[in-house]
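A.B. asks: Sharing a structure below in structure tokens format, with a few things to ask.
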Amino acid sequence: MNYRMLGYLLGIIMLIEAALMVLPLITAAIYGESVLPFLITMAILLVIAAPLVLFKPKNTRIYAKEGFVTAASAWLILSVFGALPFMFSGAIPHFIDAFFEIVSGFTTTGSSILKEVESLPKGILFWRSFSHWVGGMGVLVFMLAILPADNGHAMHLLRAEVPGPTKDKIVPKMRHTALILYTIYFCLTIVLIVALLFTGMPLFDSLVNSFAVAGTGGFSVKNASIGAYNNPAAEWVMGIFMVVFGVNFNMYFLLLMKRFKDVLKNEELRAFLLICITATVAIAINTRSYYPSLGDTVRTAFFQVTAIISTAGFATTNFDLWPSFSKTILLLLMILGSSAGSTAGGMKISRVLLVFKNIFRNIKQMARPRSVNIVRMDGDPVTIDTLRATTNYVSIYFAWLAISVLLISLDGFDFETNFSAALTCLSNVGPGFSVVGPTGNFSGFSYFSKLLLSFSMLVGRLEFMPMLILFSPATWRKN
686 MNYRMLGYLL GIIMLIEAAL MVLPLITAAI YGESVLPFLI TMAILLVIAA PLVLFKPKNT
746 RIYAKEGFVT AASAWLILSV FGALPFMFSG AIPHFIDAFF EIVSGFTTTG SSILKEVESL
806 PKGILFWRSF SHWVGGMGVL VFMLAILPAD NGHAMHLLRA EVPGPTKDKI VPKMRHTALI
866 LYTIYFCLTI VLIVALLFTG MPLFDSLVNS FAVAGTGGFS VKNASIGAYN NPAAEWVMGI
926 FMVVFGVNFN MYFLLLMKRF KDVLKNEELR AFLLICITAT VAIAINTRSY YPSLGDTVRT
986 AFFQVTAIIS TAGFATTNFD LWPSFSKTIL LLLMILGSSA GSTAGGMKIS RVLLVFKNIF
1046 RNIKQMARPR SVNIVRMDGD PVTIDTLRAT TNYVSIYFAW LAISVLLISL DGFDFETNFS
1106 AALTCLSNVG PGFSVVGPTG NFSGFSYFSK LLLSFSMLVG RLEFMPMLIL FSPATWRKN
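Residue numbers for the sequence shown follow the numbering used here, beginning at 686 and rising by one.
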């Protein structure tokens, strides 16, 4: 383990977090609020980071193990220090509650322990939603975009943080890949902010809601989420952009390069759009009697489908009151998630496609033992290593889900609450059903359960391996 380089990278992460707090600090100053919560946190970050980055280590090599450990450690450090402004401002006095809230922010989950948000300081609300935007594309990707790094070694950082069964560079240089991804991310966010302003949404609300949509997070500055605006135009805009941010960002690069055929042949993209349309139609038919007009029904169904499958988790209605059929569809969408390489959570559609393709391959193999059957995605053969990694991920996903449901059930809530709470945190969705539904929150859980669910959010965002490697004793043994 290259401890000096690990410390150096984590020091840079702390400096980046301190720099990111300038924006909520300015917001607090504009609204005449105390800037001390951010100044104190920034000072603590600078004091700790300074000795770590003062001297760059001579050995800067990063291998796979260091990449995973750096990713996991970086997200833990971001969350620990990111929780401090909540505590120093008095918005969330207890550290575990504040930790849960900021982990939910950075992992773009959107689950909250807050019963009321509209009275919170604007600077705190800005930081809370801005954490979605930072976590959506990833802080390590941001670091790679702004700092020069060895291309071969930096790839290990990208693979540890970017979600999906495969992680490929879209251009030869790693830094250019990260820069392209963040440029697309930034430009789409600006377009969304402008679009929401045109719908009549106030500037501050347009900013924070755009951060949450872009990061597919779901924190709102209204107690009733997006339903509080009663703005159909804003709902359509946000629904469409939740689809946009649920698409693999490589597709936008291919569009810019005019490689339209590569976009059209992408199986995950086609499946994602088909699922969105099918789920919207099915729920609209099932909930037609719940709304005064067909237009309201379709809009509400479309918004909730895109909010759940993109794992943004916003709400315009209490879908906990919907029929079981519609709620089951939403539950399945929570597990599924959107595309690999997007800002969304969940299992990822590409993984589900690979699982079913592999099942069909095994069936064919059993029927004809001597035949050679190859799993293909987008016309290209999928390696056995990728199939094995996909199977391992799915197994770990459901195993951890079962363990989480079992452990948080000690708090005494009903099964629907426990299962949906564990699932929504693991898939980084936000709301669940019953107590943790769109009109509820996670404040009733014990501190133990909040820490457990926080860990679920982190392993869900980083897709298990970085966290498992970080806490594995074998990682820290000397060879």
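C-beta atoms are modelled at their ideal positions from N, C-alpha and C, and glycine is treated no differently.
How about Val980 and Phe957: are their beta carbons less than 8 Å apart?
C.D. replies: This sequence places Gly at residue 980; Val is not what is there. No, the Cβ-Cβ distance between Gly980 and Phe957 is not below 8 Å.
A.B. asks: Taking just the CA atoms, how far does Ile781 sit from Leu763?
C.D. replies: 14 Å
A.B. asks: Roughly how many angstroms separate the alpha carbons of Phe1118 and Thr1075, rounded to a whole number?
C.D. replies: Roughly 28 Å separates the two Cα atoms.
A.B. asks: Report the CB separation of Met1150 from Phe753 in whole angstroms; it is logged as a contact under 8 Å.
C.D. replies: 6 Å
A.B. asks: Since Val826 contacts Leu866 with CB under 8 Å, what's their CB separation in whole angstroms?
C.D. replies: 6 Å
A.B. asks: I'd like the list of long-range same chain contacts for Leu1155, defined as Cβ closer than 6 Å, with 5 residues on each side in sequence excluded.
C.D. replies: Val754 and Ala757
A.B. asks: For Phe871, which of Leu888, Asn951, Ala899 and Arg973 has the nearest alpha-carbon?
C.D. replies: Ala899
A.B. asks: Give me, in chain order, the residues of the same chain whose beta-carbon lies closer than 8 Å to that of Ser1089; leave out the 5 immediate sequence neighbours on both sides.
C.D. replies: Non-local C-beta neighbours of Ser1089 in its own chain, meaning closer than 8 Å and more than five positions away in sequence, comprise Ala1107, Cys1110, Leu1111, Leu1137, Leu1138 and Ser1141, ordered along the chain.
A.B. asks: Tell whether a beta-carbon distance below 8 Å holds between Gly696 and Leu724.
C.D. replies: no
A.B. asks: In the DSSP assignment, what are the bridge partners of Met1062?
C.D. replies: Asp1065
A.B. asks: Tell me whether Trp1161 is buried or exposed, calling it buried when 16 or more other Cβ atoms sit within 10 Å of its Cβ.
C.D. replies: exposed
A.B. asks: If you compare alpha carbons, which of Gly1097, Asp1096, Val1120 and Leu1095 is closest to Ser1105?
C.D. replies: Answer by Cα proximity: Val1120.
A.B. asks: What did DSSP end up calling Met1051 once you bin it into helix, strand or coil?
C.D. replies: helix
A.B. asks: Leaving out five residues on either side along the sequence, give the residues of the same chain with a beta carbon under 8 Å from the beta carbon of Leu954.
C.D. replies: Val932, Asn933, Met936, Val948 and Ser1024
A.B. asks: From which residue to which residue does the alpha helix (DSSP H) around Tyr693 run?
C.D. replies: Tyr688 to Leu705
A.B. asks: I think Gly820 touches Gly1115, with their Cβ atoms under 8 Å apart; what is that distance to the nearest whole Å?
C.D. replies: With 8 Å as the limit, Gly820 and Gly1115 do not qualify as a contact, their Cβ atoms being about 13 Å apart.
A.B. asks: Out of curiosity, what's the CA-to-CA distance linking Tyr688 and Phe766?
C.D. replies: Distance between the alpha carbons of Tyr688 and Phe766 is about 21 Å.
A.B. asks: When DSSP labels each residue in this structure, what does Ser1027 get in the three-state scheme?
C.D. replies: coil
A.B. asks: Are the beta-carbon atoms belonging to Gly795 and Gly998 less than 8 Å from one another?
C.D. replies: yes
A.B. asks: For His861, which of helix, strand or coil comes out of DSSP?
C.D. replies: Helix at His861.
A.B. asks: Please tell me whether Phe1004 and Pro917 are closer than 8 Å, where the distance is taken between their beta carbons.
C.D. replies: no
A.B. asks: Taking the C-alpha atoms as reference points, what is the distance between His861 and Met822?
C.D. replies: 15 Å
A.B. asks: Does the distance from the C-beta atom of Val1060 to that of Asn1043 stay below 8 Å?
C.D. replies: yes
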